[in-house]
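Student: Once you've had a glance at the structure underneath, I'll fire off some questions.
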Amino acid sequence: MDLLERLVFIMKLNNLSASAFADKINVQRSSISHILSGRNKPSLELIQKVLIAFPKVNSEWLLTGNTAAKEIIPSNQVESEPTPTYLSPPTPTNQHEGAKKIQKIVVFYSDNTFEEFHR
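Listed below in structure tokens is the structure:
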């Protein structure tokens with residue numbers, strides 16, 4: 003997993019879009035867009051801002067990818083925080099059956115890893 007994939011992992015883990023992620027780490031949205039498109043590589047300043055905005059992220063893992071996934075977020079920090087409550091959005095009533103098709107399913111595991119399934 004390269005640095006870009008680790009940044010995307012953090013975004014997905016926190017359920018953030020590219021623009022919300024940019025706002026959270028206090029950088030321009032275009033900076034994140036350019037990084038995600040492969041035009042630019044993340045700067046040290048951007049990495050520092052990620053580590054400040056997400057203090058649970060292990061800096062060694064973010065920089066090198068060498069830390070085991072279970073060490074990315076220390077278990078003592080995870081247990082001390084309350085579990086957020088998620089409400090599902092209301093079901094649309096006038097939607098036609100078969101109008102939408104599944105493109106991607108993301109499964110998150112308890113060890114903070116995930117799998118993506120594409121159609």
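Quick note: the sequence shown uses the working numbering, first residue 3, plus one each step. Every residue, glycine too, gets a C-beta built ideally from N, C-alpha and C. Remember, it's a predicted structure, so these values are computed and weren't measured experimentally.
With H, G and I counted as helix, E and B as strand and the rest as coil, what does DSSP make of Lys58?
Tutor: Looking at Lys58 - three-state DSSP - the assignment turns out to be coil, as it is neither helix nor strand.
Student: Taking 7 Å as the limit between beta carbons, can you name the residues of its chain near Ala55, skipping five residues before and five after?
Tutor: Excluding positions up to five away in sequence, the list reads Lys26, Ile27.
Student: Measuring only the C-alpha atoms, how far is Lys106 from Ser45?
Tutor: Cα to Cα, the separation comes out at about 30 Å.
Student: Go through its chain and collect everything with a Cβ distance to Val52's Cβ below 6 Å, but skip five positions before and after it.
Tutor: For Val52, where only same-chain residues beyond five positions count, the Cβ hits under 6 Å are Ile27.
Student: Return the bridge partner residues of His120 from the DSSP annotation.
Tutor: According to DSSP, His120 bridges with Lys106.
Student: Between Val109 and the ligand COA, is the CB less than 8 Å from at least one heavy atom?
Tutor: In the structure shown, the ligand COA is absent, as is every other ligand, since no ligand is present at all.
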